[in-house]
Amino acid sequence: QKEVEQNSGPLSVPEGAIASLNCTYSDRVSQSFFWYRQYSGKSPELIMSIYSNGDKEDGRFTAQLNKASQYVSLLIRDSQPSDSATYLCAVNGDTDKLIFGTGTRLQVFP
Amino acid sequence: DAGVTQSPTHLIKTRGQHVTLRCSPISGHKSVSWYQQVLGQGPQFIFQYYEKEERGRGNFPDRFSARQFPNYSSELNVNALLLGDSALYLCASSFGRPLQDSPLHFGNGTRLTVT
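Line by line, the protein sequences are chains A and B. Note that the first sequence covers residues 73 to 182 in this note's numbering. Note that the second sequence covers residues 43 to 157 in this note's numbering.
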């Protein structure tokens, strides 16, 4: 079982819709959760971080965490073509390393 | 403010050669981490350094080594290159211990191709 699992996609949504990206993790002691956006050929860019159960909103982005279910998600409201990228879910492991999923490719079409 | 800077941006090496990748963290950041990202995969942790001491090592062979200098910049060295070492090598910095104090911010990476 992979430590951090994401659906590789592509997830295709029309412009203006809500994109929902999901991630599950296997290590129950994980404490910190991150979403990074990566455009093709570029480096990952931090979008959101979340540390406690519930929702955290920042602009068009909402991160949701459910530690009991070992589940973290990212919602993107009013999706734009410029949001088309790969979204990486990352979870802390031991020794302060981040464990990344393989990423979900999001395509927003006009 | 300058972000995390890495050099070189691209590199082509032959199997068996050695490579050194360099990273300068964001000003004021004391922690540097290295990640390897193979095409189609998420980044994989290689090393973390904090205040010039190694604080974590991923599941990579001893051919991989790193160090952090007094000015907090860092080098990643890979010996006896294999074709499978071809990847994007990412350096990330943070102010303190990454996961308690501040998230990681990545540089633009070094694209290494081994032929």
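Beta carbons are placed, not taken as given, at the ideal position from N, Cα and C, and that holds for glycine.
Query	Result
Cβ-based contacts, 7 Å cut-off: residues of the stretch 115 to 130 of chain A near chain B	Ser-115, Pro-116, Leu-118, Ser-121
Own chain partners of His-60(B) with C-beta closer than 6 Å, once the 5 adjacent residues on each side are dropped	Asn-121
Test: Phe-184(A) CB closer than 8 Å to a CB of chain B	Residue numbering for chain A in the displayed model covers 73 to 182; residue 184(A) lies beyond these limits and cannot be assessed.
Neighbourhood of Ser-107(B) by C-beta, 6 Å cutoff - its chain only, sequence neighbours within 5 removed	Asn-119
DSSP state of Leu-146(B) mapped onto helix, strand, coil	coil
His-147(B), buried or exposed, once every other Cβ within 10 Å from all chains shown has been counted against 16	buried
Cβ separation of Ile-68(B) and Trp-76(B), assumed to be a contact under 8 Å, to the nearest whole Å	At roughly 15 Å, the Cβ-Cβ gap does not stay under 8 Å, so Ile-68(B) and Trp-76(B) are not in contact.
Every unbroken beta strand (DSSP E) within the stretch 54 to 110 of chain B, with a cutoff of 3 residues, ordered by chain	61 to 66, 73 to 79, 86 to 92, 95 to 99, 106 to 110
Distance CB(Phe-106(A))-CB(Ser-121(A)) smaller than 8 Å	yes
C-beta contact flag for Thr-158(A) and Gln-110(A) at 8 Å	yes
Per-residue contacts from Phe-106(A) into chain B (C-beta, under 7 Å)	Pro-145
First through last residue of the beta strand (DSSP E) which encompasses Ser-121(A)	117 to 122
Reference Cys-65(B); option with closest CA among Glu-95(B), Arg-153(B), Ser-116(B), Ala-129(B)	Ser-116(B)
Same chain only: Cβ atoms within 6 Å of Gly-113(A), ignoring 5 sequence neighbours per side	none
Interface flag, Gln-90(B) vs chain A, CB-CB below 8 Å	yes
Classification of Thr-152(B) by the beta-carbon crowding that lies within 10 angstroms, buried from 16 upward	buried
Chain B within 8 Å of Asp-168(A), Cβ atoms only	yes
CB contact check: Leu-132(B) to chain A, cutoff 8 Å	yes
C-beta atoms of Pro-85(B) and Phe-172(A) nearer than 8 Å	yes
Where Leu-170(A) falls, given that 16 or more other Cβ within 10 Å makes a residue buried	buried
Proximity of Gly-58(B) and Leu-154(B) at Cβ, strictly below 8 Å	no
8 Å Cβ cutoff, Phe-106(B) in contact with chain A	no
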